[in-house]
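Number of protein chains: 2
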Amino acid sequence: MMRPAISYITLGVTDLARSVNFYRDVFGWPTAGIVGTELTHGAVAFFKLQHGLTLALWPRNSIAADAGIGCGEPDQCGLLLAHNVTSAAEVDQLMSILATAGATIHKPAQPLVWGGYGGLIADPDGHLWEIVYNPN
Amino acid sequence: MMRPAISYITLGVTDLARSVNFYRDVFGWPTAGIVGTELTHGAVAFFKLQHGLTLALWPRNSIAADAGIGCGEPDQCGLLLAHNVTSAAEVDQLMSILATAGATIHKPAQPLVWGGYGGLIADPDGHLWEIVYNPN
Chain A
1 MMRPAISYIT LGVTDLARSV NFYRDVFGWP TAGIVGTELT HGAVAFFKLQ
51 HGLTLALWPR NSIAADAGIG CGEPDQCGLL LAHNVTSAAE VDQLMSILAT
101 AGATIHKPAQ PLVWGGYGGL IADPDGHLWE IVYNPN
Chain B
1 MMRPAISYIT LGVTDLARSV NFYRDVFGWP TAGIVGTELT HGAVAFFKLQ
51 HGLTLALWPR NSIAADAGIG CGEPDQCGLL LAHNVTSAAE VDQLMSILAT
101 AGATIHKPAQ PLVWGGYGGL IADPDGHLWE IVYNPN
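First to last, the sequence lines map onto chains A and B.
Note that my numbering has the first sequence beginning at 1, numbered continuously upward.
Note that my numbering has the second sequence beginning at 1, numbered continuously upward.
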């Protein structure tokens, strides 16, 4: 019935330009920048990821308008995105690169209780990203 | 430097069993159910999606413990996940199936300003999912 598939991950952001800068310049991910500004609540930025997945950045108030809801305060406990790499050394290397590029290190890389190794960074809205190695 | 890739999408949930039931029984997505209960904050459920992506459900207080943060109130403006289908008719059909299976319809399927067609449903924690057709 419903294929097990996600096409777009849209993050609600407070300042679209600031978030585009982060994902383009700190993560180094490819984007055409902000598009759709001709439409009300249309301003959005897309990042084409591997395997047909797209990351979208969309203002929080546009999500609110689209969904007919009010926004509360941003909440860090609702979402954790993970970027897996192939070794603990690669975790350290990537965390270092991201920190140098301006990312906020939320938790330094360290051994994890389940046997992995990883650390957390936060985007400008506090969305959490885990850079992680899973040896299993 | 950083591949444009996301490996895991982890949703913070209030009631893990309730959320597993939703994604397994309403979405119909494959899972081994709750695992990791032998570890503190280890209880988690994984759903293997297409193209190597995994959806994980993890209690909000486990994310808080892992990240060393406090949780505010759940916030619907921070995230919108999209499941694309190949026609407007398929949007209607899938929304109907999901509603019958117990999903909360947050916004009925309708034409969208950018030319698409879609509707919104909410999971038990209010995480928004768009069932959408993009003709472009």
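The C-beta atom is built at its ideal place from N, Cα and C for all residues, glycine as well.
- When the alpha-carbon of residue 20 of chain B is set against those of B:37, B:2 and B:58, the nearest one is in B:58.
- Using a 10 angstroms sphere on the CB of residue 62 of chain A, the tally of other CB atoms reaches 16 or more, which defines it as buried.
- Inter-segment contact for the stretch 19 to 35 of chain A and the stretch 66 to 81 of chain A is absent: fewer than three beta-carbon pairs are separated by less than 8 Å.
- Look at residue 47 of chain A here: in three-state DSSP terms it is strand.
- Annotation: Cβ neighbours of residue 30 of chain B in chain A (cutoff 8 Å, chain order): 4.
- The three-state reading of DSSP puts residue 109 of chain A in strand, counting E and B together.
- With a beta-carbon spacing of about 7 Å, residue 6 of chain B and residue 9 of chain A fall inside the 8 Å limit used to define contacts.
- Shown here, residue 130 of chain A sits in a strand according to DSSP, grouped into three states.
- Listed along chain B, the residues sitting closer than 9 Å to residue 9 of chain A by beta-carbon distance are 6, 9, 79, 80, 81 and 82.
- When DSSP states are grouped into helix, strand and coil, residue 9 of chain B belongs to the strand group.
- Taken through DSSP and simplified to helix, strand or coil, residue 54 of chain A comes out as strand.
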